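Engineer: Following the UniProt record's numbering, the numbering of the sequence shown begins with 1 at its first residue and continues without gaps. Quick reminder that beta carbons are idealized off the backbone N, C-alpha and C, glycines included. Predicted, not measured: the structure shown is a model, and the values here were computed from it.
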Amino acid sequence: AEVPARLWGGCSRCAGRLELLFAGTWGSVCAEGWDPAAARVLCRQLACGRPRFVPAPCGSTAAGAPPVVLRQVQCTGQEPAVEHSNRGTCLPAPWIG
């Protein structure tokens, strides 16, 4: 089953901090290793079109960030969802958002 994903705290449903639902709890995705291929997979998964990286003018997405549940995401760009990408571990680091 696909792991639910959302972008939280942004100006629209396609902007904000990336969170995934694991074991009934929303968690952040570590920014280490995140690249344009991973962004393409996520935007396709959320039906958000092509990815764009722009500053978030609607306030900080850092407030209340949940613990990291997925780390060092490495996608080819062909995966159906982010959780199907390779992943590993990372030190405490910024989250995607």
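#1: Does DSSP put residue 79 in a helix, in a strand, or in coil?
#2: Using 8 Å as the threshold, is the C-beta distance between residue 83 and residue 7 below it?
#3: Going by CA-CA distance only, name the one from 22, 79, 67 and 48 that's closest to residue 12.
#4: Spatial neighbours of residue 75 within its chain, please: C-beta separation below 6 Å, excluding the five flanking residues on both sides.
#5: Does residue 6 come out as helix, strand or coil in the three-state DSSP assignment?
#6: Taking buried to mean at least 16 other C-beta atoms within 10 Å of its own C-beta, is residue 9 buried or exposed?
#7: Output needed for residue 69: all residues of its chain with C-beta closer than 6 Å, excluding positions within five of it in sequence on either side, in chain order.
#8: According to the Cβ coordinates, are residue 72 and residue 30 closer than 8 Å?
#9: Are the beta-carbon atoms belonging to residue 81 and residue 3 less than 8 Å from one another?
#10: On the DSSP bridge assignment, give the partners of residue 26 in chain order.
Structural biologist: Straight from the coordinates:
#1: In the sequence shown, counting from the first residue as 1, residue 79 sits at position 79. In the structure shown, residue 79 falls within a coil segment according to DSSP collapsed to helix, strand and coil.
#2: Position 83 of the sequence shown, counted from the first residue, corresponds to residue 83. Position 7 of the sequence shown, counted from the first residue, corresponds to residue 7. Inclusion of residue 83 and residue 7 in the CB contact set at 8 Å is not warranted, their separation being larger than that value.
#3: The sequence position of residue 12 within the sequence shown is 12, counting from 1. Among 22, 79, 67 and 48, the Cα nearest to that of residue 12 belongs to 48.
#4: Translated into the one-based positions of the sequence shown, residue 75 becomes position 75. So the qualifying residues of the chain are 37, 38, 41 and 85.
#5: The residue you call residue 6 lines up with position 6 of the sequence shown. In the displayed model, residue 6 falls within a strand according to three-state DSSP.
#6: On the sequence shown, residue 9 is found 9 positions in, with the first residue counted as 1. Looking at its Cβ environment, which holds 16 or more other Cβ atoms inside 10 Å, residue 9 is buried.
#7: Here residue 69 refers to the residue found at position 69 when the sequence shown is read from its first residue. Excluding positions up to five away in sequence, the list reads 20, 22 and 27.
#8: For the purposes of this step, residue 72 is taken as the residue at position 72 of the sequence shown. For the purposes of this step, residue 30 is taken as the residue at position 30 of the sequence shown. Yes, the Cβ-Cβ distance between residue 72 and residue 30 is below 8 Å.
#9: As a working note, residue 81 is residue 81 in the sequence shown. As a working note, residue 3 is residue 3 in the sequence shown. Yes, these two residues count as a Cβ contact at 8 Å.
#10: Within the sequence shown, numbered from 1, the residue matching residue 26 stands at position 26. DSSP lists 21 as partners of residue 26.
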